[in-house]
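Right, one structure below, let's go through it.
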Amino acid sequence: MARHSQLTNRVAQVISHARNSVDEAGIERLHQSLTDVISEHGITADRVFNMDETSFASRRKSKDVVALKGSPNVWAKTITTNFHLSIVACGSALGTWIPPLFLLPGETVEKAIGLQCTVPGASVSTSPKGFMDEFMFTTWLEYFAATGDLHTISKPTALRIASTAWLTHMLPKNIVSGFETAGIFPVSLDNMMQRFKLFKGGGSPESYVHATWLVHQEAIRTEVLCLPGKGKKRVGRKTIDVGGRILTLSLLSEIDATVEERKAATKRKLALQGKRAKKRKKTKRASTHWASVFVDKLGGRRRQR
Numbered sequence: 001m002a003r004h005s006q007l008t009n010r011v012a013q014v015i016s017h018a019r020n021s022v023d024e025a026g027i028e029r030l031h032q033s034l035t036d037v038i039s040e041h042g043i044t045a046d047r048v049f050n051m052d053e054t055s056f057a058s059r060r061k062s063k064d065v066v067a068l069k070g071s072p073n074v075w076a077k078t079i080t081t082n083f084h085l086s087i088v089a090c091g092s093a094l095g096t097w098i099p100p101l102f103l104l105p106g107e108t109v110e111k112a113i114g115l116q117c118t119v120p121g122a123s124v125s126t127s128p129k130g131f132m133d134e135f136m137f138t139t140w141l142e143y144f145a146a147t148g149d150l151h152t153i154s155k156p157t158a159l160r161i162a163s164t165a166w167l168t169h170m171l172p173k174n175i176v177s178g179f180e181t182a183g184i185f186p187v188s189l190d191n192m193m194q195r196f197k198l199f200k201g202g203g204s205p206e207s208y209v210h211a212t213w214l215v216h217q218e219a220i221r222t223e224v225l226c227l228p229g230k231g232k233k234r235v236g237r238k239t240i241d242v243g244g245r246i247l248t249l250s251l252l253s254e255i256d257a258t259v260e261e262r263k264a265a266t267k268r269k270l271a272l273q274g275k276r277a278k279k280r281k282k283t284k285r286a287s288t289h290w291a292s293v294f295v296d297k298l299g300g301r302r303r304q305r
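Note that UniProt numbering gives residue 81 to position 81 of the sequence shown, counting from 1, and the numbers run on in steps of one.
Here you go:
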């Protein structure tokens, strides 16, 4: 370093080979694609989401490298590491974020693991190696649709929808039907009572409204009837078969509480394991086939020589 004044010690930004292979043409294509899609569909900031996963590395690589003085961007390639946790994060261009998904390797998780998480609404799932795969991504999209506020629309869009509904459904026959159904004109007590019964009792089913004994059920059970004997204390499982599901951390203690639910979870886990094994077998068979083809061609060339 003392002999080469143009060199200096720098802290490198560690990036993968794939990220470093991006060129200006690729960025221009991305920009043009985004511009076309946003312009064509009138997409606003609350409709643009970015989702990615990041992991905790079990071993680190030194970032200290030797570089030329004045280098604006010093980087080093990442190394293959073993991960014990992946975090799936998603947020919108408006600043809205979706609760994170924590991916763990394996097939089961401990019920008490939720006590270690302080993020509201966070969830947990598993995959064979703790990374996002095809099956888990499909499951996450369903979780995203159920978690994110994806049904909000802009004011101009709402006005356009309301205008269309007015023009297509504000018809004379619909107005007349409203008067007749409510019993206003022609005046009809039967129609009025029929509409009234729909909202009587706060919309509760009739069977529930008339079952007044339910109010006194607890008192009768504890004071009149004999109390049931205490059953033997059984220690349940401390782990849960994930089976490809995305589980809310705050509700882990309530998941798979019954025997039927536990059997269904185990069945899902075994089915997912079988599906993954079949996919690995198919990939291995294809690799063996192409390897044999390559060997045959290589042998033919040698015989020709």
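For glycine and all other residues, C-beta sits at the position ideal for the given N, C-alpha and C.
If you're wondering where the values come from, they're calculated on a predicted model, not measured in any experiment.
Measuring C-alpha to C-alpha distances from residue 279 to each of 192, 141, 134, 219 identifies 134 as the nearest. Residue pairing by DSSP puts residue 53 in a beta bridge opposite 88. The continuous stretches of alpha helix (DSSP H) do not include residue 113, and DSSP gives it neither H nor E. Secondary structure at residue 27: helix, using DSSP grouped into helix, strand and coil. Beta bridge pairing from DSSP links residue 247 with 124. Remark: C-beta atoms of residue 127 and residue 105 approach each other more closely than 9 Å.
Close CB contacts of residue 35 within its chain, under the 7 Å cut and outside five residues either way in sequence, are absent.
The straight-line gap separating the alpha-carbon atoms of residue 92 and residue 102 is approximately 19 Å. Note on the segment 177–201: whole alpha helix (DSSP H) runs with a minimum of 4 residues are 189–199, in chain order.
Going by DSSP, residue 133 is part of no beta strand (DSSP E) at all; its letter is neither H nor E.
Contact check between the segment 265–285 and the segment 160–174: fewer than three CB pairs, one atom from each, fall below 8 Å, which does not count as touching.
Burial check for residue 193: the Cβ neighbour count within 10 Å stays below 16, so the residue is exposed.
Looking at 160, 109, 177, 288, the one whose alpha-carbon comes closest to that of residue 246 is 109. With a threshold of 16 other beta carbon atoms within 10 Å, residue 86 meets it and is buried. Beta-bridge partners of residue 104 (DSSP): 126.
Linking residue 96 to residue 46 through their CA atoms gives a straight-line distance of about 8 Å. Here DSSP, grouped into helix, strand and coil, assigns residue 8 to strand.
Here the alpha carbons of residue 281 and residue 292 stand approximately 16 Å from one another.
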